[in-house]
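As you go down the protein sequences, you meet chains A and B in turn.
For what it's worth, this note's numbering labels the leading residue of the first sequence as 1215, then goes sequentially.
For what it's worth, this note's numbering labels the leading residue of the second sequence as 44, then goes sequentially.
Note that beta-carbon positions come from the ideal geometry of N, C-alpha and C, so glycine has one too.
Taking it in order: structure first as structure tokens, then the write-up.
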Amino acid sequence: MDLRLNEDQSMMKKVAADFLKAEAPPYAITEWFQKKNVFIPELYKKTAEVGWLGMMIPDEYGGGGASCVDCAVVFEELGRGPLPGPYFSSGVLAAEIILTGGSQVQKKTLLPEICNGRSIVIPALSDDPIQWGAKSVQTRLSRTAMGFTLNGTKRFVYDGDSATNFICAARVESGGVVLALVNRNAPGVSVRPAAGFMIGAVEVHFENVAITADNFVGDWEVVERALIKALPILCAYKVGACQEIFEMTNEYTRTRVVFGQPIGRFQRVQDHCVDISIHLDGARWITYETLWKIDSSMEAAANVHQAKAVASEAYYQSCNLSHMVFAGPGTDYKHPLMAHSVLAHTLYQYLGTPLYHKRAMVDALYPRTAKDNAA
Amino acid sequence: MDFSVQPDTPEISAFRKEVRDWLAENMRGSEHLRWSARWSTRENDEEYQFRRQLARKLGEKRWLFPTYPVQYGGAGLTLDHQFVLETEIDRYGLALGSIFYTLARLVAPAVLKFGTEEQKLEFLPPMLRGELAVWQVLTEPQGGSDVANCLTKAIRDGDDYIVNGQKIMVGHHLPPDFVWTLVCTNPGGKRHENLSWLHIPANLPGITIQHLHLMMGIKNAVFFDNVRVPAKYLVGGENNGWKVANSYLELEHGGGGSVSENPLFKRLIAHCQKTEFDGESLMEDQDVRDVIGDMLIDMDVQRLMGLRNFWHRYVRDPHPYGGPQFLYFQRMVRLRNSERVQQILGFDALAPDPSVHEEADFEYTVRSGPGWLHGGGTLDTDRLIIARRLGLGRPSQESAPTTV
């Protein structure tokens, strides 16, 4: 047993922290969120240079060949920002989908482009926002004389604004789901921002978009397999965010004075900080154990669902608890807490809610009977 | 990062085999026994005698306190060896630190750290050999969590201390050999600077013990009426008791960590799988599955917090707030589980089942949820300690004491 980071990982953590301090200081991040201008192309290029895009992709495809824990260490620091942008959605999730389901040609051409930042591939998976998963895929793929066409609307595509390509999940006539690569500039593709209490989401509309056979990246199973490695990285990002909220909130209890004393002397205020610590550490250790299991090639499907449920809930609740401490000032979009608060709500929904993943965890451990499946 | 809990080197692996074989031999005859939880309400004498004997046998092997120095009755082994013993005994549903009803696991570290050489040589060996039942006698009726508000007086008289006062909420259903007692040796002295610890033989005249029948089992009130205690039983120096308490209580406050598995969850799953209602197994019911999902998350977080604390203790780098955080979380999880089994089982949750380990018994689960909201302080004192360790509202953070 050794619950420390190794030397390389500690170094990566420090590099990431220094990078953020220099390139994305808190006031800049707060402003990006406030203006909903969360994709910063110059910054994205720089992160490609330090090797944060496609970290877990093998060297032969231009990636870093890193372990899950290595990659998570960096993403935990990014989450402290929280640094917005398609670092996860393209650099981790899309890259894993292509690595898992892509043809040799797709891997050879697209993966190096993802890793050097020239291509930003964004998964556009569910249509029906009520529930995540294959069931929510409604965009249709139809056969034509020339090949195939896509028709449908993905209402909330996270990081979609930055996309050069989409991986679009579509339902075929037989009822199954396939994944298709679509160029963002292809005729029939339109993108518009999704307004509301969320960040980075856009609506992507596909109207008679032509697809050829070499655009397919496999079926929904590919998404599920890619998520095993990808989701815990997103969880690490949320853990970093919780850590930042925890420290920011604790510090405020020392400096904010009312009724003649720092608010941290009030036990009711202390309780909120204690509860953040529970959410933070719960998410941290569930996530770390999951990462370790994956790196050790152990069965981890249930752990991944558990981590997603716990980390999303932790991020969301940590924001709420922090709001209890910061009160009025914390609700100003100019306050650093607001970037977290908006993002925590967005990531609560992204790739499945805590309830969805909690149920998936139980289903993975204790499958329902065949009779029930038939019904 | 490595979570594997069996980092066995060839030496450790050989030791594990030795322990496993030894336990297979010495646990024989216990197959029909269903262990009580740490403080039993079952009062099963056959079980108690078996555990008492087991502790003696482990003590003879010097395995009860394996890392303690040889001259005091330990084996001078490493924490790796201790870890092997803890995990192997856990396979039988028992814990190394509470083979039978004694708090030696808390008292021995204090004596080891603060006792004189003479005291260590006299007090430790019988404790480490598993021969003695020791109680921690700390709480007072008016003091409760406010431990420093200690009214039990110990006034020096020649070579003795004369002890007068009352303690409460201590011990279990069978009498102790020693009572490890916090006393006030300087009434009117400054708070935190007037306390001392006495390792008092329980058979001294003037000590009366009365049962209290509580939600989670039997505890006691202990009365001291002009008890004459020889001064050699004072450990850690006169009026230095607060420092002694602060150091070793971190163990009671969760800082020791935990590697054991809780048997409750497994049993609940088995119950849901075999119990049918309205034509289908409970395990098929989505509401039941949701409760189980919440419970599993809570128990995994608790397990990992315990593992984290164990590791911090192992590398001698105390986690700043991990001890009280674990304890607070554990209390809350126990309370939530208390309701969860009621949600799933209905009235059955209120009926005990003596055919299972008490820790896995649903009725015990229900009762111990609210019952164990205190013990080693309340959940509010847990939070208070966390807040100090985090330095909330303070310029500096209190550091966690090193556990022994």
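Quick check on DSSP: helix, strand or coil for residue 229/B? In the three-state reduction of the DSSP assignment, residue 229/B falls in the coil class, being assigned neither a helical nor a strand state.
Residues in the stretch 1486-1500 of chain A having any Cβ partner in chain B nearer than 7 Å: 1487, 1488, 1491, 1492, 1495, 1496, 1499, 1500
Residue 178/B bridges to which residues according to DSSP? 222/B
Per DSSP, residue 267/B is paired with what? Residue 267/B pairs with 208/B, 250/B.
In chain order, what residues of the same chain lie with their CB nearer than 8 Å to the CB of residue 440/B, ignoring the 5 residues before and after it? 363, 431, 432, 433, 434
With a 10 Å radius around its C-beta and 16 neighbouring C-beta atoms as the bar for buried, classify residue 405/B as buried or exposed. The residue is buried, with at least 16 neighbouring Cβ atoms inside 10 Å.
Can you check whether the C-beta of residue 212/B is within less than 8 Å of a C-beta belonging to chain A? no
So what's residue 320/B in DSSP terms, helix, strand or just coil? strand
Look up residue 1236/A in the DSSP assignment and say whether it is helix, strand or coil. helix
Of the residues that make up the stretch 1353-1373 of chain A, which ones have a beta carbon closer than 7 Å to any beta carbon in chain B? none
Span separating the alpha-carbon of residue 417/B from that of residue 190/B: 14 Å
How close, in whole Å, do the beta carbons of residue 1391/A and residue 1380/A come, if the pair is a contact with beta carbons under 8 Å? Contact check for residue 1391/A and residue 1380/A: beta-carbon distance about 15 Å, past the 8 Å limit, so the pair fails to qualify.
Give me the subset of the stretch 1456-1467 of chain A whose CB atoms are less than 8 Å from a CB atom of chain B, sorted by chain position. 1464, 1467
In the stretch 1515-1559 of chain A, which residue ranges form an unbroken alpha helix (DSSP H) of at least 4 residues, counting only runs that do not cross its ends? 1515-1540
What is the DSSP secondary structure of residue 1393/A, counted as helix, strand or coil? Looking at residue 1393/A - three-state DSSP - the assignment turns out to be strand.
Residue 1315/A and residue 1324/A - do their beta-carbons sit closer together than 8 Å? no
Could you tell me which of 258/B, 121/B, 96/B sits nearest to residue 356/B, measuring between CA atoms? 121/B
First and last residue of the uninterrupted alpha helix (DSSP H) at residue 430/B: 422-433
Just checking: is the beta-carbon of residue 52/B within a distance shorter than 8 Å of some beta-carbon in chain A? For residue 52/B, not one C-beta of chain A is nearer than 8 Å to its own C-beta.
I'd like to know whether the C-beta of residue 1256/A is nearer than 8 Å to at least one C-beta of chain B. no
Test: residue 1502/A CB closer than 8 Å to a CB of chain B: yes
Compute the Euclidean distance between the alpha carbons of residue 200/B and residue 247/B, then round it to the nearest angstrom. When only Cα atoms are considered, residue 200/B and residue 247/B end up about 16 Å apart.
Quick check on the burial criterion: 16 or more other C-beta atoms within 10 angstroms. Buried or exposed for residue 208/B? buried
DSSP three-state label for residue 1413/A, please. Coil at residue 1413/A, not helix or strand.
Looking only at its chain, what residues have a beta carbon closer than 8 Å to the beta carbon of residue 1520/A, apart from the 5 residues adjacent to it on each side? 1500, 1504, 1571, 1572, 1575
Would residue 1492/A pass as a contact of residue 1459/A if the rule is Cβ separation under 8 Å? no
Checking contacts by CB at 8 Å: is residue 430/B closer than that to chain A? yes
What are the boundary residues of the alpha helix (DSSP H) that includes residue 352/B? 329-357
Residue 1220/A - containing alpha helix (DSSP H), residue span: Counting along the chain, residue 1220/A falls outside any alpha helix (DSSP H), and DSSP gives it neither H nor E.
Simplified DSSP assignment, three categories, for residue 1329/A: helix
Closer than 9 Å, Cβ to any Cβ of chain B: which residues of the stretch 1335-1351 of chain A, in chain order? Here the close residues number zero.
Measuring straight from C-alpha to C-alpha, what distance separates residue 1469/A and residue 319/B? When rounded, the distance between both Cα atoms is 58 Å.
C-beta contact flag for residue 143/B and residue 91/B at 8 Å: yes
Check each candidate in 270/B, 258/B, 203/B, 321/B and name the one with the smallest Cα separation from residue 281/B. 203/B
Around the C-beta of residue 425/B, are 16 or more other C-beta atoms found within 10 angstroms, so that it is buried, or is it exposed? buried
Please report the distance separating the alpha-carbon of residue 1219/A from that of residue 44/B. 6 Å
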